[in-house]
Amino acid sequence: MVTIADVARHAGVSSSTVSYVLSGKRAISEETRNRVRNAVQQLGYHPHAGARALAARRSHIIALMVPLRTDVYVPVMMEIAIAVTVAARQHGYDVLLITNDEGPDGVRRIGASGLADGVIVMDVEMDDERIPVLRAQGTQATLMGLPADTRGLSCVDHDFVAAGAQCADHLADLGHREIAFIGYGSGVYHRHAAYAERTLAGFRDRAEQRGVRFLHRSCEGTYESTAGTLARILADRPATTGFVVQNEGAIGPLLTLLRTSGRTVPEDASVIALCQDQLAEQFAPRLTAVTGSAQELGRVAVEQVMRRLSAVNDGGRPVDDMVLLTPTLTVRESTGPAPRPA
Numbered sequence: 503m504v505t506i507a508d509v510a511r512h513a514g515v516s517s518s519t520v521s522y523v524l525s526g527k528r529a530i531s532e533e534t535r536n537r538v539r540n541a542v543q544q545l546g547y548h549p550h551a552g553a554r555a556l557a558a559r560r561s562h563i564i565a566l567m568v569p570l571r572t573d574v575y576v577p578v579m580m581e582i583a584i585a586v587t588v589a590a591r592q593h594g595y596d597v598l599l600i601t602n603d604e605g606p607d608g609v610r611r612i613g614a615s616g617l618a619d620g621v622i623v624m625d626v627e628m629d630d631e632r633i634p635v636l637r638a639q640g641t642q643a644t645l646m647g648l649p650a651d652t653r654g655l656s657c658v659d660h661d662f663v664a665a666g667a668q669c670a671d672h673l674a675d676l677g678h679r680e681i682a683f684i685g686y687g688s689g690v691y692h693r694h695a696a697y698a699e700r701t702l703a704g705f706r707d708r709a710e711q712r713g714v715r716f717l718h719r720s721c722e723g724t725y726e727s728t729a730g731t732l733a734r735i736l737a738d739r740p741a742t743t744g745f746v747v748q749n750e751g752a753i754g755p756l757l758t759l760l761r762t763s764g765r766t767v768p769e770d771a772s773v774i775a776l777c778q779d780q781l782a783e784q785f786a787p788r789l790t791a792v793t794g795s796a797q798e799l800g801r802v803a804v805e806q807v808m809r810r811l812s813a814v815n816d817g818g819r820p821v822d823d824m825v826l827l828t829p830t831l832t833v834r835e836s837t838g839p840a841p842r843p844a
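What follows is the structure, encoded as structure tokens:
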């Protein structure tokens, strides 16, 4: 097993110099740092996690609270979790996964045990019960989501208000005047998930500005629930020609149901989805979609929590930071001009 003394001999420096280079606690010349880093890489040296934590009073671990719910789209959540893990490793940190079913108790456990230096919280609600605990404990945290009150925390999220507005603008520009918004299941709105409420608010406000009639219907995402949702939409608004879908599970059933009801996409009905590009490309026709980068979301969240930790370690006060990532609209084959009235 390679030791710090082996690295020091290989680099031609003292063991304390190697320690300073690895910890960053003292200024070391660029030439010396490069020699030490090269020695570390060539010898395959890995600092002992326990010793490093005791010496620095840090665990070099970030806790990531991931949602385990039936009403979330798991592939996107896993993509974000992978992005966080990759970004954390670039800072010499590992990631500890905590499930959101632990709620405030999970946050208390992490803070009391010292298992992690900081926390990244996913699936944030508008009045999230975990936030008061984070503030009370002084835990350095980043929220992936925008709650009603962001004081004392850093936040990063896709700009879901802008995403909803983009959907309304795109269909309005194509001449659609009757639009249906098919959202998540009722449980998502009942718990006030920030991403769902902000998207709907952005869509609603822009549709009203554009003089577009619209309705919102929640949907569980199964074929049966999508069929019931579409039937209710057409019963209430038979002239509906535009559909916005913010429920990945409902996309495939909706396209099938429109086709079997004699409505051709996009000639008779236009469909725009809020989903990742790889999912939008899987359907026929390929979906016009508003997307946001899961990789960028994970990277920014890690950078935010690292800045907070660095400020504390330097004896300073962390800066509350809020970043909203701009969504991207990609036009494909599922949207077109509104059909002329018969």
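Note that the working numbering has the sequence shown beginning at 503, numbered continuously upward.
For every residue, glycine included, the Cβ atom is placed at its ideal position computed from N, Cα and C.
C-alpha gap between V586 and P841, whole angstroms
Here residue 586 refers to the residue found at position 84 when the sequence shown is read from its first residue. Here residue 841 refers to the residue found at position 339 when the sequence shown is read from its first residue. Looking at the two C-alpha atoms, the distance is approximately 44 Å.
Starting from the Cα of A846, find the closest Cα among R712, D651, D625, D659 and give me that residue.
Residue 846 lies beyond the range of the chain shown here (503 to 844); nothing can be said about it.
Mind checking G514: buried by the 16 CB within 10 Å criterion, or exposed?
Residue mapping note: residue 514 aligns to position 12 of the sequence shown, counting from 1. It is exposed - the Cβ of G514 has fewer than 16 other Cβ atoms within 10 Å.
With distances taken between CB atoms, is the gap from L799 to I582 smaller than 7 Å?
For the purposes of this step, residue 799 is taken as the residue at position 297 of the sequence shown. For the purposes of this step, residue 582 is taken as the residue at position 80 of the sequence shown. Taking 7 Å as the Cβ cut-off, L799 and I582 qualify as a contacting pair.
For C777, the nearest candidate out of D770, A791, G764, V767 (CA to CA)
Position 275 of the sequence shown, counted from the first residue, corresponds to residue 777. The candidate whose alpha carbon is nearest that of C777 is A791.
Alpha-carbon spacing of I506 relative to D822, whole angstroms:
Translated into positions along the sequence shown, residue 506 becomes position 4. Translated into positions along the sequence shown, residue 822 becomes position 320. So the alpha carbons of these two residues sit roughly 37 Å apart.
Under the assumption that E631 contacts P649 (Cβ atoms under 8 Å), give the Cβ distance between them as a whole number of angstroms.
Numbered from 1 along the sequence shown, position 129 holds the residue referred to as residue 631. Numbered from 1 along the sequence shown, position 147 holds the residue referred to as residue 649. Not really, about 11 Å apart at Cβ, beyond 8 Å.
Closest residue to I681 among T701, A709, L831, V623 (Cα-Cα distance):
On the sequence shown, position 179 is the one that residue 681 refers to. Considering only alpha carbons, the answer is A709.
Among L566, L524, P569, which one has its Cα closest to the Cα of Y547?
As a first step, residue 547 must be located in the sequence shown, where it is residue number 45. Of the listed residues, the one whose Cα sits closest to Y547 is L524.
Can you list, in chain order, the stretches of the alpha helix (DSSP H) that have 4 or more residues and sit fully within the region 583-637?
605-615
For E680, the three-state DSSP class (helix, strand or coil)
Residue numbering aside, residue 680 sits at position 178 when the sequence shown is read from its first letter. DSSP places E680 in strand when its eight states are reduced to three.
Within 8 Å, do at least three Cβ pairs link the region 727-736 to the region 689-699?
no
Can you find the residues in the same chain that come closer than 6 Å, C-beta to C-beta, to R706, ignoring five residues on each side of it along the sequence?
The sequence position of residue 706 within the sequence shown is 204, counting from 1. Counting only Cβ-Cβ distances below 6 Å, and skipping sequence neighbours, we find nothing.
May I ask which residues mark the beginning and end of the beta strand (DSSP E) holding H512?
Against the sequence shown, residue 512 aligns to sequence position 10. First-last for H512: 506-513, but that is the alpha helix (DSSP H), not the beta strand (DSSP E).
Collapsed DSSP secondary structure at S656 in the structure displayed:
Numbered from 1 along the sequence shown, position 154 holds the residue referred to as residue 656. If DSSP states are grouped into helix, strand and coil, S656 belongs with the strands.
Cα-Cα, which of Q797, V574, R693, G704 is closest to A670?
Position 168 of the sequence shown holds residue 670. With distances taken between Cα atoms, A670 lies closest to G704.
Do you know whose CA, among A813, V621, V663, M580, lies nearest Q484's CA?
Here the chain comprises residues numbered 503 to 844, so residue 484 is not present and cannot be evaluated.
Residue interval of the alpha helix (DSSP H) (run including G713):
Indexing the sequence shown from 1 puts residue 713 at position 211. Neither: G713 is in no alpha helix (DSSP H) and is coded neither H nor E.
Cβ contact check for the region 713-722 and the region 674-691: 3 or more pairs under 8 Å
yes
For A553, which residues in the same chain have their Cβ closer than 6 Å to its Cβ, ignoring the five residues on either side in sequence?
Sequence index remark: in the sequence shown, residue 553 carries index 51 (1-based). Low confidence applies here, because A553 scores a pLDDT of 49, under 50, leaving its location unreliable; read the following figure in that light. For A553, where only same-chain residues beyond five positions count, there are no Cβ hits under 6 Å.
Quick one, are the C-beta atoms of A752 and L760 less than 7 Å apart?
The count along the sequence shown starts at 1 and reaches residue 752 at position 250. The count along the sequence shown starts at 1 and reaches residue 760 at position 258. Against a cut-off of 7 Å, the Cβ pair of L760 and A752 comes out as no contact.
Just how far apart, CA to CA, sit I774 and T601?
For the purposes of this step, residue 774 is identified with residue 272 of the sequence shown, where counting begins at 1. For the purposes of this step, residue 601 is identified with residue 99 of the sequence shown, where counting begins at 1. Answer to the nearest angstrom: the Cα atoms are 32 Å apart.
On a Cα-Cα basis, can you pick out the residue from E750, A803, S727, R591 that is closest to T644?
On the sequence shown, residue 644 is found 142 positions in, with the first residue counted as 1. The shortest C-alpha separation from T644 is found at A803.
Thinking just about the alpha-carbon of each residue, which of E722, R834, S763 is nearest to the one in F785?
The sequence position of residue 785 within the sequence shown is 283, counting from 1. Checking every option, the nearest Cα to that of F785 belongs to R834.
Exposure of S518, with buried meaning 16 or more beta-carbon neighbours within 10 Å:
Along the sequence shown, read from residue 1 onward, the residue named residue 518 stands at position 16. Classification for S518: exposed.
Decide if S516 is buried, meaning its Cβ has at least 16 other Cβ atoms within 10 Å, or exposed.
Position 14 of the sequence shown, counted from the start, is the residue given in the question as residue 516. Label assigned to S516: exposed.
I'd like to confirm the pairing. Which residues does DSSP put opposite M851 in its beta bridges?
Residue coverage of the chain in this structure runs from 503 to 844, which leaves residue 851 outside it and unanswerable.
Where are the beta strand (DSSP E) runs, 3 residues long or more, that stay fully inside the region 751-812, in chain order?
772-776, 790-793
Under DSSP, the beta strand (DSSP E) around L673 begins and ends at which residues?
Position 171 of the sequence shown, counting from 1, holds the residue named residue 673. From DSSP, L673 is part of no beta strand (DSSP E) but of the alpha helix (DSSP H) over 662-675.
With three or more beta-carbon pairs closer than 8 Å as the criterion, would you say the region 558-578 touches the region 613-627?
yes
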